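> Per the numbering used here, residue -13 is the first one in the sequence shown, and the count goes up by one each step. Cβ atoms here follow ideal geometry from the backbone N, Cα and C, with glycine treated the same way. These numbers were taken from a predicted model, which means no experiment stands behind them. The structure is given below, and queries will be raised subsequently.
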Amino acid sequence: MSKQKKIVVTLSCILAGVVVVLAVLWARYGYRAQSYSNTSYAMGTYIQQTTYGKEAQAAATAGAQAVTDLEDKISWRVDNSDIANLNNAAGTVWKTQDSYTISLLQMSLKLAQQTDGAFDPTVLPLTALWDFDGKKHVPTAAELKSILPRINYKDLRINTKDNTASLKMHYEGVDLGSIGKGAACDKVVEAYSKKKIQAAVVAAGGSIGLYGNKPDGSGWSVAVRDPKTNDSNAGSVGLLSLEGGQYVSTSGTYEKAFTQNGKTYHHLLNPKTGIPESNGLVSVTIVCKNGALSDGLSTACFVLGKEKGSALAKSYGAETIYIDTAGNVTVSPGLKNRFQLTNTTSYRLMK
-13 MSKQKKIVVT
-3 LSCILAGVVV
7 VLAVLWARYG
17 YRAQSYSNTS
27 YAMGTYIQQT
37 TYGKEAQAAA
47 TAGAQAVTDL
57 EDKISWRVDN
67 SDIANLNNAA
77 GTVWKTQDSY
87 TISLLQMSLK
97 LAQQTDGAFD
107 PTVLPLTALW
117 DFDGKKHVPT
127 AAELKSILPR
137 INYKDLRINT
147 KDNTASLKMH
157 YEGVDLGSIG
167 KGAACDKVVE
177 AYSKKKIQAA
187 VVAAGGSIGL
197 YGNKPDGSGW
207 SVAVRDPKTN
217 DSNAGSVGLL
227 SLEGGQYVST
237 SGTYEKAFTQ
247 NGKTYHHLLN
257 PKTGIPESNG
267 LVSVTIVCKN
277 GALSDGLSTA
287 CFVLGKEKGS
297 ALAKSYGAET
307 IYIDTAGNVT
317 VSPGLKNRFQ
327 LTNTTSYRLM
337 K
């Protein structure tokens, strides 16, 4: 092997019981950088990191702790978290929130307003009913009819002056799962910036954060998973060429999917209908400079569909890759020279 060091990091669902977006990232360094790889578990997924530099191990340790700290604030499953306290007080009093939690609630509420509820942070009653991480329950029409009125982003109220929030009605609940993994990447990259490292990559579920670049100034290659198979090792659709400081999030129908009575259900629910969105898309990938936003946009754009979703992403300066059931791959203008289609047998790049 030459002096040039080649690192290949594969993010997949090889870890039992976890479904994550397949992404292959590699960096070729012209020097022998110290490197450290770490896998931890938080926020219902595996957090995979590879760091390069003098404080590579310390950076990864700090990154893992940053995700745990975030989970303790924004997970509705964690007792006494900001979101758990908010949900438990639904219909009663305002609850104090951490300033970062407030910023995520604001981002989520803005997306909800811009999408007219296609993205909705008050979706907890619905996600809990389906329970994709547990019992995998297909709701009856009667169950959905009783649950849907409890999903209403307009009932989420935020006071930024004293960092408090409230839910207007009893039995409502916030679930920040649609931006949480991206937010985790933000916090990890923030931790990296405080350590002496040259470059790093973190993956949390379907979100990826890139930090730093190669010494020659070139960036990272990110492989977009083939969304038509549940086999995370089955290959990719194409490659993205990106720089440090960018985030990639993908929402796909293969994530957290289950089959019951011959029908497959995925976790990308339409908050208005209460059922998995079926608009002909199988995955949406977002590239932008904020992890939480990339995560939220990937969900919102999937539910909205290609036309409306593209307009939303453009308003944020984000780039998109849409893949539909027919194998058509639509890449936004800003990624035209950064994306290479590698699976030309099953997919077609649209002009």
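I believe residue 175 touches residue 271 by the beta-carbon criterion, under 8 Å. Please report the beta-carbon distance rounded to the nearest angstrom.
Rounded, the Cβ-Cβ distance is 19 Å, inconsistent with contact.
> Between 50, 298, 178, 236, which has its C-alpha nearest residue 194's C-alpha?
Cα-wise, what sits closest to residue 194 is 236.
> Which residue or residues does DSSP assign as beta-bridge partners of residue 239?
Bridge partners of residue 239: none, in fact.
> From this set, 25, 35, 257, 29, which residue's C-alpha is nearest residue 185's C-alpha?
When each option's Cα is compared against that of residue 185, the closest is 35.
> Span of the beta strand (DSSP E) holding residue 25?
21 to 28 is the span of the beta strand (DSSP E), which, as asked, contains residue 25.
> Roughly how many angstroms lie between the CA atoms of residue 67 and residue 59, to the nearest whole one?
So the alpha carbons of these two residues sit roughly 5 Å apart.
> Specify whether the stretch 239 to 250 and the stretch 83 to 97 touch according to this definition: at least 3 beta carbon pairs, one from each stretch, less than 8 Å apart.
With a cut-off of 8 Å, the stretch 83 to 97 and the stretch 239 to 250 do not count as touching, because too few Cβ pairs lie within range.
> Residue 351: which of 224, 197, 302, 246 sits nearest, CA to CA?
The structure shown does not extend to residue 351, since the chain is modelled only from -13 to 337, so the question has no answer here.
> Evaluate residue 296 with the Cβ neighbour count: other Cβ atoms within 10 Å of its Cβ, from every protein chain shown; 16 or more gives buried, anything less gives exposed.
With 16 or more other Cβ atoms within 10 Å, it is buried.
> Am I right that residue 302 and residue 274 are in contact with their C-beta atoms under 8 Å? What's the rounded C-beta distance?
Contact holds; Cβ gap of about 6 Å.
> Taking all protein chains shown into account, do 16 or more other C-beta atoms lie within 10 angstroms of the C-beta of residue 136, making it buried, or fewer, making it exposed?
Buried, because 16 or more other Cβ atoms sit within 10 Å of the Cβ of residue 136.
> Contact check, residue 29 vs residue 77 under 8 Å by CB: the rounded distance?
With a Cβ gap of about 27 Å, residue 29 and residue 77 do not count as contacting.
> Check whether the stretch 166 to 175 and the stretch 116 to 130 are in contact - that is, three or more C-beta pairs closer than 8 Å.
Counting Cβ pairs under 8 Å, fewer than three are found: no touch.
> Tell me whether residue 105 sits in a helix, a strand or coil according to DSSP, three-state version.
DSSP places residue 105 in coil when its eight states are reduced to three.
> Within the continuous beta strand (DSSP E) that includes residue 194, where are the two ends?
193 to 197 is the span of the beta strand (DSSP E), which, as asked, contains residue 194.
> Going by other Cβ atoms of all chains shown within 10 Å of its Cβ, with 16 needed for buried, is residue 9 buried or exposed?
Any reading at residue 9 needs caution, since the residue's pLDDT is 32, under 50, leaving its predicted position unreliable; the model's value is listed next. So residue 9 counts as buried.
> Buried or exposed for residue 120, please, with buried defined as at least 16 other CB atoms from any protein chain shown within 10 angstroms of its CB.
It is exposed - the Cβ of residue 120 has fewer than 16 other Cβ atoms within 10 Å.
> Looking only at C-alpha atoms, which of 43, 61, 192 sits nearest to residue 22?
When each option's Cα is compared against that of residue 22, the closest is 43.
> With 7 Å set as the bound, which would you pick, yes or no: does the beta-carbon of residue 75 sit closer than that to a beta-carbon of chain C?
Here there is only one protein chain, and chain C is not present.
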